[in-house]
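**Q**
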Amino acid sequence: MRVSREREIVLNIQTRIRREGTYSHIAVREALDEAQKEGLSAQQRAFIKRLAEGVTERQAELDAVIDAHTDRDGRKARIKPVIRDILRMGVYQILYMDSVPDAAACNEAVSLAKAKGKGQLAGFVNAVLRAVARENAASSAAGDMHGARKTAERSAAAAGLKDENTKEFLPAWIRELWLGQFTEEETDALTASMMEVRPVTIRLDERLGKEEQEEIISKIREAGVRVEPGRFLPYAFDLKGAAALQDLPGFKEGKWAVQDESSMMAAEAAGLSGGEIVYDLCAAPGGKSMHCAAKLAAINRGGAVFSFDLSPAKTALIRENAARMRLSDMVIAQRDARLPFPEGERERADVLLCDLPCSGLGVMGKKRDIKYRVRPEQLSELAALQKQILEAGITALKPGGTLIYSTCTIDRFENEEIASYIENELGLIPDPLAPHLPQSLLARSARGAAEDDREEKTRAAGSLRGHHLQLLPSVHGTDGFYIARFKKAL
Numbered sequence: 160m161r162v163s164r165e166r167e168i169v170l171n172i173q174t175r176i177r178r179e180g181t182y183s184h185i186a187v188r189e190a191l192d193e194a195q196k197e198g199l200s201a202q203q204r205a206f207i208k209r210l211a212e213g214v215t216e217r218q219a220e221l222d223a224v225i226d227a228h229t230d231r232d233g234r235k236a237r238i239k240p241v242i243r244d245i246l247r248m249g250v251y252q253i254l255y256m257d258s259v260p261d262a263a264a265c266n267e268a269v270s271l272a273k274a275k276g277k278g279q280l281a282g283f284v285n286a287v288l289r290a291v292a293r294e295n296a297a298s299s300a301a302g303d304m305h306g307a308r309k310t311a312e313r314s315a316a317a318a319g320l321k322d323e324n325t326k327e328f329l330p331a332w333i334r335e336l337w338l339g340q341f342t343e344e345e346t347d348a349l350t351a352s353m354m355e356v357r358p359v360t361i362r363l364d365e366r367l368g369k370e371e372q373e374e375i376i377s378k379i380r381e382a383g384v385r386v387e388p389g390r391f392l393p394y395a396f397d398l399k400g401a402a403a404l405q406d407l408p409g410f411k412e413g414k415w416a417v418q419d420e421s422s423m424m425a426a427e428a429a430g431l432s433g434g435e436i437v438y439d440l441c442a443a444p445g446g447k448s449m450h451c452a453a454k455l456a457a458i459n460r461g462g463a464v465f466s467f468d469l470s471p472a473k474t475a476l477i478r479e480n481a482a483r484m485r486l487s488d489m490v491i492a493q494r495d496a497r498l499p500f501p502e503g504e505r506e507r508a509d510v511l512l513c514d515l516p517c518s519g520l521g522v523m524g525k526k527r528d529i530k531y532r533v534r535p536e537q538l539s540e541l542a543a544l545q546k547q548i549l550e551a552g553i554t555a556l557k558p559g560g561t562l563i564y565s566t567c568t569i570d571r572f573e574n575e576e577i578a579s580y581i582e583n584e585l586g587l588i589p590d591p592l593a594p595h596l597p598q599s600l601l602a603r604s605a606r607g608a609a610e611d612d613r614e615e616k617t618r619a620a621g622s623l624r625g626h627h628l629q630l631l632p633s634v635h636g637t638d639g640f641y642i643a644r645f646k647k648a649l
């Protein structure tokens, strides 16, 4: 039987993630680009994306299903990595892709095993998947939830891969981390939101006039993409059903950039009025730098953006993106953010953007393998690095200048505790965020502002607290993102 090209590509993605350690979102994006060059249709590419992301996101659950059907006498079966990848794909199709008949999922998996030179294990693959399908069909006929999923949940809870009382699979330590900050109900909502399919969000260049913005959005819709306005910002739009972003109208011409609305808030929080010198310390791929540069250009009162990162590869990426966005005036340079600025380069910046390396727990909905890569012991290491960069970075900030600290994580150690360090150890002054954020965001975040009687660890999820805000997908519909604003004393 001929192997479907779509499933072959998904298996290649899974193999690359496993062998090379490539992040899933990068492997998927590059595979989709190649699939388009091969001439695969938009429907085929959508299938690849759905299956690849689903297998990665629900890996713990899928493994629990497989183990429940292969373990014998309490002993874990030894399954070759490529066969486990094939089984994961098959189980995901059976449980979560109603458009794929169970027989097709089984047959395609058998064909993949044979194509990969594992024909002697084709019968094993077939037996496991058909057992999963039978169990699933029987429970569905009885009006019960997926029988295979129930088995997986029991196995996963016993292995510490999920809490026995929740519906979603998440490493237990992450759930405990969030339970230390939010209520159980808020933690459940946050976990569930991370499993939802998220749209791609784009930022239209603010230098564009209203008519030109409307024309670009109209052309993207004509290309078969669903476009919906963003939640908070007039230049933010969500795209659904877009497979090849680089081929959509306006991308190559630099009329828009891919950027989550939460990330856009960093430039909003800076409160640019024109003429400012902006330093972005850990800038790659350049989204916040470009956003600030576009804002300054739209205001047209001067100013400049200096965009820094550690390696030649990262600065090259910033240059490539800035060139596409027609931002030739940005100054892009390689430097180690852990080192203080030399004496002659100090106190030049009016605004210092510090979006620093973090655990990335806020973007698990898009980077679906992060929850399997991050370890709890890394949080303290990241916090130490953040402190080192901040101590060095503020040497570039003018007295009276603004520091915007941000991360794409949901973790008190990397967020609120670092904000306390900035205030208490570095001596910067907390500065209110509210004057710089859109009213719609303030309204969404206001529900917890008056809840001072709650314990600190369970302050209302997503509430604005003076100079800092934790954005949450379950509250704001964005990535999980933290922003804090400070002023340097005169």
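Residue numbers (my numbering): 160 to 649.
Glycine included, C-beta positions come from ideal geometry on N, C-alpha and C.
(1) Just the C-alpha distance for Leu392 and His184, rounded to the nearest angstrom, thanks.
(2) Who does Pro471 pair with in a DSSP beta bridge?
(3) Less than 8 Å between C-beta atoms, sequence neighbours within five positions excluded: which residues of the same chain meet that for Lys526?
(4) Within 10 Å of its beta-carbon, does Gly445 have 16 or more other beta-carbons around it, so buried, or fewer, so exposed?
(5) Taking DSSP's pairing of strands, which residues face Glu387 in a bridge?
(6) Since I believe Thr360 is in contact with Leu427 (beta carbons under 8 Å), could you give me their beta-carbon distance rounded to a whole number of angstroms?
(7) Residue range of the beta strand (DSSP E) that Gln493 falls in?
(8) I'd like the span of the alpha helix (DSSP H) that includes Lys517, first residue to last.
(9) If you measure between the beta carbons of Asp570 and Leu538, is that distance less than 8 Å?
(10) Provide the residue span of the alpha helix (DSSP H) that contains Leu556, from first to last.
(11) In angstroms with no decimal places, state the Cα-to-Cα distance between Asn266 and Ala481.
(12) Is the beta carbon of Gly462 within less than 7 Å of some heavy atom of the ligand FMN?
(13) Identify which residue in Ile563, Ile225 and Leu398 has its Cα closest to the Cα of Glu387.
(14) By the DSSP assignment, the alpha helix (DSSP H) with Ile245 in it spans what residues?
(15) List the whole-angstrom C-beta distance separating Ile563 from Val490, where the pair is believed to meet the contact cut-off of C-beta under 8 Å.
(16) Could you spell out where the alpha helix (DSSP H) holding Arg362 opens and where it closes?
(17) Classify His184 as helix, strand or coil using the three-state DSSP reduction.
(18) Is it right to say Lys235 is buried, meaning 16 or more other beta carbons lie within 10 angstroms of its own, or is it exposed?
(19) Using DSSP's beta-bridge definition, name the partner residues of Tyr438.
(20) Does DSSP put Ala416 in a helix, in a strand, or in coil?
(21) Which one of Pro471, Arg460, Ala492 and Lys411 has the shortest CA to CA distance from Ser448?
(22) Is the Cβ-Cβ distance between Glu584 and Leu541 less than 8 Å?
(23) From what residue to what residue does the beta strand (DSSP E) around Ile642 run?
(24) At which residues does the beta strand (DSSP E) containing His627 begin and terminate?
(25) Would you call the CB atoms of Thr350 and Arg334 closer than 8 Å?
(26) Do you know offhand how far Arg188's Cα is from Arg217's?
(27) Taking the alpha carbon of Val634 as the point to measure from, which residue in Cys567, Glu371 and Leu600 has its own alpha carbon closest?
(28) Rounded to the nearest angstrom, how far is the Cβ of Gly413 from that of Arg483, given a contact under 8 Å?
(29) Among all the DSSP beta bridges, which residues are the ones paired with Leu623?
(30) Which whole-angstrom value describes the C-beta separation of Cys451 and Cys517, a residue pair presumed to lie in contact below a C-beta threshold of 8 Å?
(31) Can you list, in chain order, the residues of its chain with a C-beta nearer than 7 Å to that of His228? Leave out the 5 residues immediately preceding and following it.
(32) Could you give the distance in angstroms between the alpha-carbon of Gly151 and the alpha-carbon of Leu486?
(33) Cutting at 7 Å between CB atoms, please list the residues of its own chain near Ile168, excluding the five before and the five after it.
(34) Where does Val269 land, buried or exposed, given buried means 16+ other C-beta within 10 angstroms?
(35) Can you give me the start and stop residues for the alpha helix (DSSP H) that Arg497 sits inside?
(36) At 4 residues or longer, what runs of the alpha helix (DSSP H) sit wholly inside the segment 524-599?
**A** The answer reads as follows:
(1) 25 Å
(2) Pro471 is not bridged to any residue.
(3) Tyr182, Ser183, His184 and Gly519
(4) buried
(5) Asp397
(6) It is worth fixing the name first, because residue 427 is Glu in this sequence and not Leu. That belief does not hold up - the Cβ atoms of Glu427 and Thr360 are roughly 14 Å apart, past 8 Å.
(7) Val490 to Gln493
(8) As written in the sequence, residue 517 is Cys, which differs from the Lys given in the question. No alpha helix (DSSP H) contains Cys517, which DSSP labels as neither H nor E.
(9) yes
(10) First-last for Leu556: Leu556 to Thr566, but that is the beta strand (DSSP E), not the alpha helix (DSSP H).
(11) 47 Å
(12) Absence of the ligand FMN is noted for the structure shown, with no ligands found whatsoever.
(13) Leu398
(14) Pro240 to Tyr255
(15) Between Val490 and Ile563 the Cβ distance is about 18 Å, and since that is not below 8 Å, they are no contact.
(16) Taken as a continuous stretch (DSSP letters only), Arg362 belongs to no alpha helix (DSSP H), being part of the beta strand (DSSP E) at Val359 to Leu363.
(17) helix
(18) exposed
(19) Phe465 and Leu511
(20) strand
(21) Ala492
(22) no
(23) Phe640 to Lys646
(24) His627 to Leu630
(25) yes
(26) 19 Å
(27) Leu600
(28) 5 Å
(29) Leu628
(30) The pair is not a contact, with the Cβ atoms about 20 Å apart (cut-off 8 Å).
(31) Val287, Ala290 and Val291
(32) The structure shown has nothing for residue 151, since the chain only spans 160 to 649.
(33) Ala190, Ala194 and Ile207
(34) buried
(35) Element bounds for Arg497: n/a, residue is neither H nor E.
(36) 529-532, 535-552 and 575-583
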